[in-house]
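Visitor: Submitted below is the structure of interest, expressed as structure tokens.
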Amino acid sequence: MPARRTVAAASRASAASAAKLRPPLAALVLLAVAVLPACQTTTTVNGLVVANPARREAGTTPAELRKRAEVRLQLASNYYTKGQFTTAIDEAHAALKLEPDVAQAYGLLGLIYSDLGDKGQAEANFQRALRLDPEDPALSNNYGWYLCQSGHPRESIAYFDRAATNRLYETPAMPLQSAGICMMQLGDLAAAENYLKRALETDATSPVAKFQLARLYLAKGQPDRANFYFDLLQKSIDPNPDSLWLGIRIAHAAADGSAERRLAEELRSKFPDSSQTAALNREAFNE
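Take the sequence shown: its letters are residues 115 to 401, numbered as in the working numbering.
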């Protein structure tokens, strides 16, 4: 479960409750940023005037260039989390004009191009980032999630493992839960269970790990164990279509008609136009 969110995890996609349960690339962003104004010629951040690279004044020191590149990258990350991809790309390139070998800028471009569906650019930028800084756990985690979502879940595991074992990584549960999700995609439920339990041991508050463990045990035909993790999930997040639909399916599998009716009523009343309500109405419990 980046993420996009030095490393933070929560962005525009995880602002939606369902995104807390299935972390997208947006959840893996490299930089935590404030909301900052952009300007074509200069930008002021914490009293620092950042000039357009094309107008860089003579005599700028390397330290000043690094600082300005850092601010540009913060701006790029902020625009990315807001879904303003074109501006984010421009700011990331502005950072690279100031400091050409910033691995995190290439990593951010990889995330952006992945969201845009440009796999060629995404792959090229991720690879450039990893060549520049192969030990950065956030880059490994983000590239692993990109691989998983691009049809290469088995190849993603090595990158998740690398990120999870880096003691400097601030969010080690994220690559573990992401690895669990990818192993579920492969149908390897035993490996998925191992990763997801490790994720929950690492971060007992993780709604992603709880949701995915509930899904996993439902898939294994163990509704009682699925319900255990679903109960934990309910205590940690506000209800959303994904969580309610999962609870309904678990209750249906457990032949718990009372819980099924209660959750179904809540889903229909709170989210009448959701795809989950549509699935409920056609009784698609096994889709």
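For every residue, glycine included, the Cβ atom is placed at its ideal position computed from N, Cα and C.
If you run the structure through DSSP and keep just helix, strand and coil, what is F385?
Guide: By 1-based counting over the sequence shown, the position of residue 385 is 271. It is coil, neither helix nor strand.
Visitor: Over what stretch of residues does the alpha helix (DSSP H) that includes Q198 continue unbroken?
Guide: Reading the sequence shown from its first residue, position 84 is the one you call residue 198. Per DSSP, Q198 belongs to no alpha helix (DSSP H) and is neither H nor E.
Visitor: Find out if the Cβ-Cβ distance for the pair I295, Q326 is shorter than 7 Å.
Guide: Working through the sequence shown from its first residue, we reach residue 295 at position 181. Working through the sequence shown from its first residue, we reach residue 326 at position 212. Their beta carbons are under 7 Å apart, which means I295 touches Q326 by this criterion.
Visitor: If you drop the 5 nearest sequence neighbours on each side, which residues of the same chain put their C-beta closer than 7 Å to that of I203?
Guide: As a working note, residue 203 is residue 89 in the sequence shown. Correct list, in chain order: L223, I226.
Visitor: Are the beta-carbon atoms of N400 and I364 separated by less than 7 Å?
Guide: One-based indexing of the sequence shown puts residue 400 at position 286. One-based indexing of the sequence shown puts residue 364 at position 250. For N400 and I364, no; Cβs fall outside 7 Å.
Visitor: Apply the 10 Å Cβ neighbour rule to P248 and answer buried if 16 or more other Cβ atoms are within range, or exposed otherwise.
Guide: Residue mapping note: residue 248 aligns to position 134 of the sequence shown, counting from 1. Exposed is the call here.
Visitor: How do the region 297 to 307 and the region 274 to 286 stand: do at least 3 beta-carbon pairs fall below 8 Å, yes or no?
Guide: No: fewer than three Cβ pairs fall under 8 Å.
Visitor: Let me know the secondary structure DSSP gives H266 once reduced to three states.
Guide: Counting from 1 along the sequence shown, the entry for residue 266 is found at position 152. Three-state DSSP puts H266 in coil, outside helix and strand.
Visitor: Can you tell me which of the three DSSP states K334 falls into?
Guide: Locating residue 334 in the sequence shown gives position 220, where the first residue counts as 1. Here K334 sits in coil by DSSP.
Visitor: Just verifying my parser: in three-state terms, what is the DSSP assignment at D204?
Guide: Residue mapping note: residue 204 aligns to position 90 of the sequence shown, counting from 1. Correct three-state label for D204: helix.
Visitor: Measure from the alpha carbon of E284 to the alpha carbon of each residue in L261, W259, D317, then state which is nearest.
Guide: Position 170 of the sequence shown, counted from the start, is the residue given in the question as residue 284. Ranking the options by Cα distance to E284, first place goes to D317.
Visitor: Under 7 Å Cβ to Cβ from E380, same chain only, skipping five residues before and after it: list those, please.
Guide: Counting from 1 along the sequence shown, the entry for residue 380 is found at position 266. Once the five neighbours on either side are set aside, the close Cβ partners of E380 are P353, L358.
Visitor: A183 to K233, Cα distance in whole Å?
Guide: On the sequence shown, position 69 is the one that residue 183 refers to. On the sequence shown, position 119 is the one that residue 233 refers to. In a straight line, the C-alpha of A183 is about 26 Å away from that of K233.
Visitor: In whole angstroms, what separates the C-alpha of L244 from that of N395?
Guide: Locating residue 244 in the sequence shown gives position 130, counting from the first residue. Locating residue 395 in the sequence shown gives position 281, counting from the first residue. If I take the Cα positions, the gap works out to 47 Å.
Visitor: Quick one: give me the first and last residue of the alpha helix (DSSP H) that L245 is part of.
Guide: Stepping through the sequence shown from its first residue, residue 245 is reached at position 131. Note that residue 245 is Arg in the sequence shown here, rather than Leu. Start and end: 233 to 246.
Visitor: I need the straight-line Cα distance from A217 to P337, nearest angstrom please.
Guide: Indexing the sequence shown from 1 puts residue 217 at position 103. Indexing the sequence shown from 1 puts residue 337 at position 223. The alpha-carbon atoms of A217 and P337 are separated by roughly 45 Å.
Visitor: Helix, strand or coil: how does DSSP classify G361 here?
Guide: Indexing the sequence shown from 1 puts residue 361 at position 247. Note: G361 maps to helix in three-state DSSP.
Visitor: Classify P355 as helix, strand or coil using the three-state DSSP reduction.
Guide: As a first step, residue 355 is located in the sequence shown; it is residue number 241 there, counting from the start. If DSSP states are grouped into helix, strand and coil, P355 belongs with the helices.
Visitor: Does Q241 pass the burial test, meaning 16 or more other C-beta atoms within 10 Å, or should it be called exposed?
Guide: Reading the sequence shown from its first residue, position 127 is the one you call residue 241. So Q241 ends up on the exposed side.
Visitor: Buried or exposed, going by whether 16 or more other CB atoms sit within 10 Å of the CB of L230?
Guide: Along the sequence shown, one-based indexing puts residue 230 at 116. Burial call: exposed.
Visitor: Keeping to the same chain, check which residues put their C-beta closer than 7 Å to that of P289; ignore five residues upstream and five downstream.
Guide: Here residue 289 refers to the residue found at position 175 when the sequence shown is read from its first residue. Excluding sequence neighbours, P289 sits near N255, G258, F274, A277, A278.
Visitor: Please classify Y283: does DSSP put it in a helix, a strand, or coil?
Guide: As a working mapping, residue 283 is identified with position 169 in the sequence shown. Coil.
Visitor: My understanding is that L332 touches A323, with C-beta atoms under 8 Å, so please give their C-beta distance in whole angstroms.
Guide: Within the sequence shown, numbered from 1, the residue matching residue 332 stands at position 218. Within the sequence shown, numbered from 1, the residue matching residue 323 stands at position 209. Not really, about 15 Å apart at Cβ, beyond 8 Å.
Visitor: Rounded to whole angstroms, what's the CA-CA distance from Y309 to P355? Just pull it up for me.
Guide: Position 195 of the sequence shown, counting from 1, holds the residue named residue 309. Position 241 of the sequence shown, counting from 1, holds the residue named residue 355. Roughly 25 Å separates the two Cα atoms.
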